[in-house]
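Trainee: Sharing a structure, written as structure tokens. Questions coming.
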Amino acid sequence: MSADEPYSEEDTVIDLSSDLFMMSQAMRQAQNAYLAEEVPIGAVIVSEGRIIARAHNQVETLKDATAHAEMLALTQAQAAIGDWRLNEATLYVTKEPCPMCAGAIVHCRIKRVIFGCVDDNGGACGGFINLLQQPNLNHQSEVTRGVLGDESKLLIQTFFAEAREKKKAANRKKANDSPFLN
Ligand SMILES: [Zn+2]
Numbered sequence: 002m003s004a005d006e007p008y009s010e011e012d013t014v015i016d017l018s019s020d021l022f023m024m025s026q027a028m029r030q031a032q033n034a035y036l037a038e039e040v041p042i043g044a045v046i047v048s049e050g051r052i053i054a055r056a057h058n059q060v061e062t063l064k065d066a067t068a069h070a071e072m073l074a075l076t077q078a079q080a081a082i083g084d085w086r087l088n089e090a091t092l093y094v095t096k097e098p099c100p101m102c103a104g105a106i107v108h109c110r111i112k113r114v115i116f117g118c119v120d121d122n123g124g125a126c127g128g129f130i131n132l133l134q135q136p137n138l139n140h141q142s143e144v145t146r147g148v149l150g151d152e153s154k155l156l157i158q159t160f161f162a163e164a165r166e167k168k169k170a171a172n173r174k175k176a177n178d179s180p181f182l183n
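Residues in the sequence shown are numbered from 2 upward in steps of one, following our numbering.
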């Protein structure tokens, strides 16, 4: 909107296909993970402007180390499309995907990946390596980083801070319950 244009109602309408809106949907999934006492990471996959998959991390619930939000969302999206090729799909995930998920993203040929916070230690989309843009692999994805990154990082930091507090409290209780320390 230029300066001399009058204010219009249209300017306040949320763009339902924007990266910000779609990432806010992924953040809702991350909050679901948080409520389920899982590391709070969420993902959605969009195709032709529609959300075709929504998932959150379920490693503890399913007792499955591969049950990352992205992996679960990819499986849902392949079922929704009826094909393992997701060339036209966009994946939104609240934290930078790990090497396992980045590998799966390449196998499914996801067109675009948008993620929230960067993971300098374990991220495989430019954090410590970039598996999504390897010239020698048969597929490369476009990557956008940092959408709602601060919100995502804060939720993850809160989760781990609370987990550490719970562990300390449990250890204190154990020490108090021990007959040898009384
Ligand atoms: Zn992963």
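Beta carbons are placed, not taken as given, at the ideal position from N, Cα and C, and that holds for glycine. Just so we're clear, the structure is a prediction, and the values are computed from it rather than from any experiment.
With which residues is Ser48 paired in a DSSP beta bridge?
Mentor: Ser48 pairs with Arg51.
Trainee: Which class does Val114 belong to by DSSP, given the choice of helix, strand or coil?
Mentor: Three-state DSSP puts Val114 in a strand.
Trainee: Sorry if obvious, but does the Cβ on Cys99 come closer than 6 Å to a heavy atom of ligand 1?
Mentor: Cys99: yes, Cβ under 6 Å from ligand 1.
Trainee: Let me check one thing: in DSSP terms, what residues is Asn131 bridge-paired to?
Mentor: According to DSSP, which records beta bridges pairwise, Asn131 is partnered with Cys126.
Trainee: Note the first and the last residue of the continuous alpha helix (DSSP H) segment covering Arg86.
Mentor: Run containing Arg86: none; DSSP gives neither H nor E here.
Trainee: When DSSP labels each residue in this structure, what does Thr159 get in the three-state scheme?
Mentor: Helix at Thr159.
Trainee: If I measure Cβ to Cβ from Ala103 and keep anything under 7 Å in the same chain, skipping five residues before and after, which residues do I get?
Mentor: The answer, listed in chain order, is Ala125, Cys126, Leu132 and Leu133.
Trainee: When you compare only the Cα positions, how much space is there between Ala44 and Arg173?
Mentor: Each residue's alpha carbon lies about 36 Å from the other.
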